[in-house]
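Heads up: the structure comes next, in structure tokens.
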Amino acid sequence: MTEKFKIEADPSRKLFVAAVGGSFQISDAGGLAMAFLQEGGKIQSQTSEYTFVADTRELESVDPALLEMLEQAFKMYKTIGFKKLYVVESKSADTSRQIREIAEKMNFGGEFVQSMDEIK
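Residue numbers (the UniProt record's numbering): 1 to 120.
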């Protein structure tokens, strides 16, 4: 993954995947939010049929200033009404720990997996 993020709805598998990579900064957040809204609009009336996947495998680090925004993102994922929620864990142990802590704080309710192959 060369770009910082990629948002994609896969109608054939009923997946909505938000992949993030690299060292994520405040300057990347606006573009990610716009892409999320744009792609999410394509499935707006069908979100209850889709599984949401936050693919953080290639995420190396999260700017500490973004942690509060990440909390809000987790809250939003819960309220949108996806069928299931998954986080594919980062290869970075520190980044995975940060994301797990935020998910627990927000009562995320999704599953943490090691690869896309584990998504059901």
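Just so it is clear, CB atoms sit at the ideal spot from N, CA and C, and this is done for glycine as well.
Using CA coordinates, which residue listed in the options is at the minimum distance from residue i?
i, options, result
"Asp10", "Ala73, Gly31, Thr47", "Thr47"
"Glu68", "Ala29, Val88, Lys78, Lys42", "Ala29"
"Asn120", "Tyr50, Gly40, Glu101, Phe36", "Sequence check: residue 120 is Lys here, not Asn. Checked all of Tyr50, Gly40, Glu101, Phe36; the closest Cα to Lys120 is Tyr50."
"Phe74", "Val88, Asp94, Lys105, Lys83", "Lys105"
"Met76", "Ala103, Lys42, Phe24, Val113", "Ala103"
"Lys35", "Ser61, Gly22, Glu8", "One point to set straight first is that residue 35 is Ala, not Lys, in the sequence displayed. The shortest C-alpha separation from Ala35 is found at Glu8."
"Arg100", "Lys83, Met116, Phe82, Glu71", "Glu71"
So what's residue i in DSSP terms, helix, strand or just coil?
i, result
"Arg13", "coil"
"Ile7", "strand"
"Asp63", "coil"
"Lys42", "helix"
Taking buried to mean at least 16 other C-beta atoms within 10 Å of its own C-beta, is residue i buried or exposed?
i, result
"Thr56", "buried"
"Thr79", "exposed"
"Ser90", "buried"
"Leu59", "buried"
"Gln114", "exposed"
"Lys42", "exposed"
"Ala19", "buried"
"Gln25", "exposed"
According to DSSP, what are the bridge partners of residue i?
i, result
"Ala19", "Lys6, Asp55"
"Phe74", "Bridge partners of Phe74: none, in fact."
"Phe24", "Val62"
Given 7 angstroms as the limit, tell me if residue i has its C-beta closer than that to any heavy atom belonging to the ligand HEM.
i, result
"Ile99", "Absence of the ligand HEM is noted for the structure shown, with no ligands found whatsoever."
Are the C-beta atoms of residue i and some chain D residue less than 8 angstroms apart?
i, result
"Lys75", "Given the protein chain composition of this structure (a single chain), no chain D is represented."
- Message: For a minimum of 4 consecutive residues, which ranges assigned as the alpha helix (DSSP H) are wholly contained in the segment 79–118?
- Response: 93–105
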